[in-house]
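Read in the numbering used here, the sequence shown has 520 at position 226, and its numbers run on one by one without any break.
Backbone N, C-alpha and C fix where the C-beta goes; we use that ideal spot for every residue, glycine too.
Predicted model, so just to flag it, every value in this text is computed and none were measured.
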Amino acid sequence: MRIRGGRLPIGRNPAGASDEGTSNEGASGDGTSAEGASGEGTSGEGGCGDGGSGDGQAAGGRGPAGAGTLSSPWARGAAALLAGALPALAFPAPGLWWFAYVALVPWLLLIRTAHSPRRAALDGWIGGIGFIIAVHHWLVPSLHVFIVLLAALLGLLWAPWGLLVSRLLGGAPSASRAVAAVVVVPSGWLMIELVRSWEGLGGPWGLLGASQWEVVPALRVASVGGVWLVSLLVLAVNTGVALLVTDRAARTTAGVLLVVCALSVAAMWAWAPRPTDTGTVRIAVVQPGVVEGPGSVARRFDRGEELTRSLEGRGVDLVVWGESSIGAGAWERPETARRLAELSRRVGADLLVNVDARQTDGSGRSGIFKSAVLVGPDGPTGDRYDKMRLVPFGEYVPARSLLGWATSVGKAAGEDRLRGDRQVVMTLPDGARGLRIGPLVCFETAFPDMSRRLVRDGAQVIVAQSATSTFQHSWAPAQHASLGALRAAENGRPMVHATLTGISAAYGPRGERVGSPLGTDASAAEVFDLPLARGSTLYGRLGDWPVYGALAALAVLCTVEGLRALRRPAPGPPGPPARTAHGSPGRPGR
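Encoded structure:
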């Protein structure tokens, strides 16, 4: 057939062309046909290695690539950076927990309009940089420019996720592809959270599920599958909402999937095992507050001693001081042990203090340990826990020979701390009914497996000692304290979070807040009557099963894509060149 009056536009139908004559099945992995003049016929799947023409048309877009305000790469990059940063508003201190369920939608919508796989991966990477910087912005005083490099490296984890989003949400998703998107897109995000949960990459800080720490239904979900299952739920809702607002054909499927999410939460609420209350225990937290200036370490100890004396006669079973509550110099003096023992006798309870000092552990290693030490009426009892997971740069510098320069541009550790080699469950004396406590130090509360291990070893109460005074006026204290609710709900055990300068708080075995927290402006001692519980949660029994489920979902997707690629017929020999309207194949246009 001869075409007069110009060339046929590549990659989309000309206005008024018949849908039947322009099937897009060669480019679309699911056989979706082009929709003619509507502009919806260009599938994003072709740009993701699915046999597309590679003509630059938007992968999943509804018009020419780069149309509108995002035609500039710089504008698109800025949009990706901002879209990636939005979920940070769901965490404390803004605490817009409800926003987490739609916060990722702008990012998802941006990625689905990428004109190529490379652009989709770039949108994922830049958005990841925005997410890391926004959630960890309070580290800037310590890391300075290094946080940008760190964000750029960690942001690369989102590049494959960008490809995944483009592949599943691009174009006009069929019902089957919409179902796959709601399962696989959250699974891909969970793999990112799993990888960056490695201590050397900063640990599991800012997991999206952690934003739901004060939402009772979400805490019930955490008792079933931990924070991992909550993250999957939040991502599934975001993906469903993105489908609702982008494609008319997928709206029914997306609506059904969102209802399924709601019914799943209701089922967990109704049938998941609940901890059984077995009484209460009275635990006091001593928070000396901000003490600055010359002799601040000694004056902080004096303030802690004064606050502990005020607990006399209140029938407490344990007194908890914050992280590094006793300076290295004071710990080396016998007078310190005497003063602490006198406090224990006066209050009628053991003290759990924390020291950051040179010591020798049971295996004979000598160096700086950050240790939780139990002190009784006769002095240190011998129960001691050495922190196992250290804060990168704050307590050690990874690959110091290569990255030691970080100490010159921030507040990185001048000397690496040593790490403990085992977790410890401490047993209080009979006066406290033989209560068994599991200590954690600082950001160890961010690791779900550590609190789960303590409970499996018999801990009845999880006790965390922390110090966030360096970040006193940032979001860090509230973010850190909120983690206690998740760890309590996951394991069905109460948890106490004690700090030097706030926020100190306590949570019951269902993750509910107990008593009144001590804010960052408080210098006080607070007593919490914590409900004890017995029984195990599903997360306590089964562990990180949502992670394995996400891995399985991704494996199934890879298998399906691999089989589809094998079944796709090889391209045939090229046909003869088309004759043009005004010339011959050899001399077009003549």
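- Look at residue 484 here: in three-state DSSP terms it is helix.
- For residue 724, there is no enclosing alpha helix (DSSP H), as DSSP gives it neither H nor E.
- The three-state reading of DSSP puts residue 661 in strand, counting E and B together.
- In its chain, beyond the 5 residues on either side, 574, 575, 576, 577, 755, 788, 790, 800, 802, 808 have a beta carbon closer than 8 Å to the beta carbon of residue 824.
- In this structure, DSSP gives residue 783 a helical state, which the three-state scheme calls helix.
- Within the segment 786-872, the alpha helix (DSSP H) runs of at least 4 residues that lie entirely inside it are, in chain order, 832-836, 839-861.
- In this chain, the alpha helix (DSSP H) harbouring residue 623 covers 622-625.
- Around the CB of residue 594, 16 or more other CB atoms lie within 10 Å, so the residue is classed as buried.
- Distance from the Cα of residue 498 is smallest, within the candidate group 437, 476, 426, for 426.
- Taking the Cα positions, residue 822 is about 8 Å away from residue 579.
- Inclusion of residue 683 and residue 617 in the CB contact set at 8 Å is not warranted, their separation being larger than that value.
- Secondary-structure assignment with DSSP links residue 679 through a beta bridge to 666.
- When only Cα atoms are considered, residue 456 and residue 410 end up about 11 Å apart.
- Residue burial is scored here from C-beta neighbours: residue 590 has fewer than 16 other C-beta atoms within 10 angstroms and is therefore classed as exposed.
- Look at residue 713 here: in three-state DSSP terms it is coil, with no helix or strand label.
- If you look at residue 734, you'll find it isn't in any alpha helix (DSSP H); it sits in the beta strand (DSSP E) that goes 730-735.
- Secondary structure note for residue 573: its beta strand (DSSP E) is the uninterrupted segment 570-581.
- In the three-state DSSP reduction, residue 416 falls in the helix class (H, G or I).
- Boundaries cannot be given for residue 608, as no beta strand (DSSP E) includes it and DSSP labels it neither H nor E.
- A distance below 7 Å between beta-carbons, with the five flanking residues on each side excluded, links residue 488 to the following residues of its chain, in chain order: 841.
- Contact between the segment 601-619 and the segment 758-773 is established, with three or more Cβ pairs separated by less than 8 Å.
- In the structure shown, residue 686 falls within a strand segment according to DSSP collapsed to helix, strand and coil.
- The shortest CA-to-CA distance from residue 377 to any of 387, 389, 365, 404 is the one to 404.
- Taken atom to atom, the span from the alpha-carbon of residue 749 to that of residue 512 is near 21 Å.
- By the neighbour-count criterion, in which a residue is buried when 16 or more other Cβ atoms sit within 10 angstroms of its Cβ, residue 728 is exposed.
- In chain order, 591, 592, 595, 630 place their CB closer than 8 Å to the CB of residue 624, counting only its own chain and leaving out the 5 sequence neighbours on each side.
- As DSSP reads the structure, residue 720 sits in a beta bridge with 731.
- Using a Cβ distance threshold of 8 Å, residue 602 and residue 819 count as a contacting pair.
- For residue 646, no alpha helix (DSSP H) run applies; the uninterrupted beta strand (DSSP E) run containing it begins and ends at 644-654, by DSSP.
- Linking residue 581 to residue 817 through their CA atoms gives a straight-line distance of about 6 Å.
- Non-local beta-carbon contacts of residue 433 in its own chain, meaning distances under 6 Å to residues more than five positions away in sequence, involve 441 in chain order.
- Under the three-state reduction of DSSP, residue 766 is assigned to coil, being neither helix nor strand.
- The continuous beta strand (DSSP E) containing residue 758 extends over residues 755-760.
- With distances taken between CA atoms, residue 379 lies nearest to 400 out of 473, 365, 400.
- Excluding residues up to 5 positions away in sequence, 728, 730 lie with their Cβ nearer than 7 Å to the Cβ of residue 721 in the same chain.
- Rounded to the nearest whole angstrom, the CA to CA distance from residue 605 to residue 806 is 25 Å.
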